[in-house]
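Okay, so here's the structure we're looking at.
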Amino acid sequence: MLRIVALAAATLVAQFSLSAGARAEVTISISCSSLGIEQQLCQTGSEAWAKKTGNKVKLVATPADANERLALYQTLLAAEAKDIDVFQIDVIWPAILAPHLMDLTSIVPEQDRGDHFKVLIDNDTVDGKLVAVPWFLDAGLLYYRKDLLEKYGKPVPATWAELTDTAKAILEAEKKAGNSALQGYVWQGRAYEGLTCNALEWIASYGGGSIVDANGAVTIDNPQAAQALDMAKGWIGTISPQGVLSYAEEESRGVFQSGNAIFMRNWPYAWALANAADSPVKGKVGVAILPQGEGPDARHASALGGQNLAVSRYSAHPDEAADLVRYLTSAEEQKRRAQEGSFNPTLRSLYSDTGLLAANPFYKDFLPIVESAVARPSTVTARRYNQLSSAVVRAVHGALSGQGTAASASLVDLNEELERLSRGGHW
2 MLRIVALAAA
12 TLVAQFSLSA
22 GARAEVTISI
32 SCSSLGIEQQ
42 LCQTGSEAWA
52 KKTGNKVKLV
62 ATPADANERL
72 ALYQTLLAAE
82 AKDIDVFQID
92 VIWPAILAPH
102 LMDLTSIVPE
112 QDRGDHFKVL
122 IDNDTVDGKL
132 VAVPWFLDAG
142 LLYYRKDLLE
152 KYGKPVPATW
162 AELTDTAKAI
172 LEAEKKAGNS
182 ALQGYVWQGR
192 AYEGLTCNAL
202 EWIASYGGGS
212 IVDANGAVTI
222 DNPQAAQALD
232 MAKGWIGTIS
242 PQGVLSYAEE
252 ESRGVFQSGN
262 AIFMRNWPYA
272 WALANAADSP
282 VKGKVGVAIL
292 PQGEGPDARH
302 ASALGGQNLA
312 VSRYSAHPDE
322 AADLVRYLTS
332 AEEQKRRAQE
342 GSFNPTLRSL
352 YSDTGLLAAN
362 PFYKDFLPIV
372 ESAVARPSTV
382 TARRYNQLSS
392 AVVRAVHGAL
402 SGQGTAASAS
412 LVDLNEELER
422 LSRGGHW
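In this note's numbering, the protein residues as written are 2 to 428.
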């Protein structure tokens, strides 16, 4: 608790004002992620709204780690603090934070609501209230080095087995040529929410379900899930560095973008950065759907992610805060963010925009990826999702790092823990 309070204090000190260019009427505080260029794009979008309305905006720096950010939000909201008016919240948090958030139904026109992906509107609707507005959509993607696959005559892998074999073959050839820094596959193995996303993708790709099904039943203890974790454990020290167990998104991107990895799992935001003018791999990167596993129920599976904007019930300026959300989630602003930062729009109509297709060529194949996406069980588990995810992270990280029991035994223990947490499926 002391650490959370300290984070809250440090966060509030980190606030800085954004120039409005006009006499301010009110000041709205907004929290934004600092992942990649998110904070920069949030700043420029908020500045544009401030200039248009004559208000001021404070951008509030928050922890990069999603779990720490959620803990900070919960601390501030539980205290009914007025320090933040607009919160950027993860797609898995609406049900957790709903008691503290305004109903934003009135600021999303019916035609826009129909254009948003339905799964996102449903996700952000809690007890009939739209407690957050979709801002950008995420799904896990496979990034690959086009030049290396072409050099060795290898196709883009369709299965995890193909990815493993391809990575091993290219690594062996490149190391013989003196390229000892190259890694085969980098992903998010740190003990945090990102590992839950990776694990869900592996398990679902083997036909092992989604940890908890739509009815609330715990399903994690099955042979396909164990096979998926054994596969991932086999990467460590072979095609993935031992250090991958401490990687989050930016560590993975750093290795890949520096030219030191053949494959990477990451979110779409990494596309714009990998192709920036100063990127060593500019023009050498391809994007594909994540590989599928083995067995009769194998499928391609990408974890559904994304971010939303919500307004605190304790805001001193709820109307202005809601108007800032309306502006930042508009089609015009979503298009700008997609062009400049590869943040995928939540509006279907923008995926046929020629300007966006030019900036993000993978958009032409992105809708099928979204359709194959698997959602984390945050809706059915509601306010207990964070506890569920923490249990999953502990079990998976332990299995991958070699601590404790084998994958199958870890899943037995995890299944029992989640059964207790679920109170017999009644989350």
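Think of the CB as a built atom: it goes at the ideal place given N, C-alpha and C, for glycine as much as any other residue. Bear in mind that the values here come from a model prediction, so they are computed numbers and not experimental data.
Pair within 8 Å by beta-carbon distance, residue i and residue j
{"i": "residue 398", "j": "residue 192", "result": "yes"}
{"i": "residue 35", "j": "residue 61", "result": "no"}
{"i": "residue 262", "j": "residue 186", "result": "yes"}
{"i": "residue 108", "j": "residue 323", "result": "yes"}
{"i": "residue 291", "j": "residue 266", "result": "yes"}
{"i": "residue 286", "j": "residue 177", "result": "no"}
{"i": "residue 422", "j": "residue 374", "result": "no"}
{"i": "residue 102", "j": "residue 132", "result": "yes"}
{"i": "residue 213", "j": "residue 381", "result": "yes"}
{"i": "residue 157", "j": "residue 150", "result": "yes"}
{"i": "residue 390", "j": "residue 197", "result": "yes"}
{"i": "residue 416", "j": "residue 221", "result": "yes"}
{"i": "residue 325", "j": "residue 50", "result": "yes"}
{"i": "residue 361", "j": "residue 339", "result": "yes"}
Contacts around residue i, its chain only, beta-carbon distance under 8 Å, and the 5 residues preceding and following it disregarded
{"i": "residue 354", "result": "336"}
{"i": "residue 223", "result": "209, 210 and 412"}
{"i": "residue 401", "result": "190, 230, 233, 234, 237 and 246"}
{"i": "residue 160", "result": "292, 293, 294, 295 and 299"}
{"i": "residue 128", "result": "99"}
Beta-carbon proximity list for residue i, same chain, < 7 Å, skipping 5 on both sides
{"i": "residue 296", "result": "207, 208 and 225"}
{"i": "residue 334", "result": "46 and 328"}
{"i": "residue 318", "result": "27, 29 and 86"}
{"i": "residue 74", "result": "88 and 98"}
{"i": "residue 250", "result": "36, 189, 195, 267 and 268"}
{"i": "residue 23", "result": "Legend: pLDDT at residue 23 = 43, less than 50; position of this residue unreliable, no value from coordinates given."}
{"i": "residue 139", "result": "268, 269, 306, 307 and 345"}
{"i": "residue 428", "result": "217, 381, 382, 383 and 385"}
{"i": "residue 114", "result": "122"}
{"i": "residue 414", "result": "396"}
{"i": "residue 388", "result": "422"}
{"i": "residue 91", "result": "67 and 308"}
Residue i versus residue j - alpha carbon distance
{"i": "residue 357", "j": "residue 307", "result": "18 Å"}
{"i": "residue 94", "j": "residue 179", "result": "47 Å"}
{"i": "residue 409", "j": "residue 232", "result": "12 Å"}
{"i": "residue 219", "j": "residue 144", "result": "32 Å"}
{"i": "residue 294", "j": "residue 200", "result": "12 Å"}
{"i": "residue 363", "j": "residue 350", "result": "16 Å"}
{"i": "residue 137", "j": "residue 347", "result": "5 Å"}
{"i": "residue 379", "j": "residue 96", "result": "8 Å"}
{"i": "residue 243", "j": "residue 368", "result": "34 Å"}
{"i": "residue 258", "j": "residue 142", "result": "15 Å"}
{"i": "residue 366", "j": "residue 302", "result": "14 Å"}
{"i": "residue 217", "j": "residue 57", "result": "44 Å"}
{"i": "residue 184", "j": "residue 282", "result": "15 Å"}
{"i": "residue 425", "j": "residue 419", "result": "9 Å"}
{"i": "residue 164", "j": "residue 299", "result": "15 Å"}
{"i": "residue 120", "j": "residue 352", "result": "17 Å"}
{"i": "residue 255", "j": "residue 264", "result": "12 Å"}
{"i": "residue 59", "j": "residue 41", "result": "13 Å"}
{"i": "residue 260", "j": "residue 253", "result": "11 Å"}
{"i": "residue 130", "j": "residue 167", "result": "48 Å"}
{"i": "residue 32", "j": "residue 372", "result": "30 Å"}
{"i": "residue 117", "j": "residue 182", "result": "43 Å"}
{"i": "residue 72", "j": "residue 43", "result": "21 Å"}
{"i": "residue 278", "j": "residue 284", "result": "10 Å"}
DSSP beta-bridge partners of residue i
{"i": "residue 143", "result": "266 and 289"}
{"i": "residue 33", "result": "62"}
{"i": "residue 320", "result": "According to DSSP, which records beta bridges pairwise, residue 320 is partnered with nothing at all."}
{"i": "residue 309", "result": "90 and 135"}
{"i": "residue 187", "result": "265"}
{"i": "residue 370", "result": "Bridge partners of residue 370: none, in fact."}
{"i": "residue 237", "result": "241"}
{"i": "residue 213", "result": "219"}
{"i": "residue 130", "result": "127"}
{"i": "residue 102", "result": "313"}
{"i": "residue 345", "result": "138"}
{"i": "residue 117", "result": "348"}
{"i": "residue 57", "result": "28"}
{"i": "residue 304", "result": "375"}
Within-8 Å CB hit, residue i to chain B
{"i": "residue 146", "result": "Protein chain content of the structure displayed is limited to a single chain, and chain B is not contained in it."}
Beta-carbon contacts of residue i that lie in its chain and below 6 Å, excluding the five residues immediately before and after
{"i": "residue 376", "result": "305"}
{"i": "residue 203", "result": "229 and 233"}
{"i": "residue 83", "result": "315 and 317"}
{"i": "residue 38", "result": "342"}
Contact the segment 311–329 vs the segment 165–172: 3+ CB pairs below 8 Å: no
Would the segment 270–277 and the segment 329–343 be scored as touching if the rule is three or more Cβ pairs under 8 Å? yes
Tell me whether the segment 238–253 and the segment 100–117 touch, counting them as touching only if at least three CB pairs, one residue from each stretch, are closer than 8 Å. no
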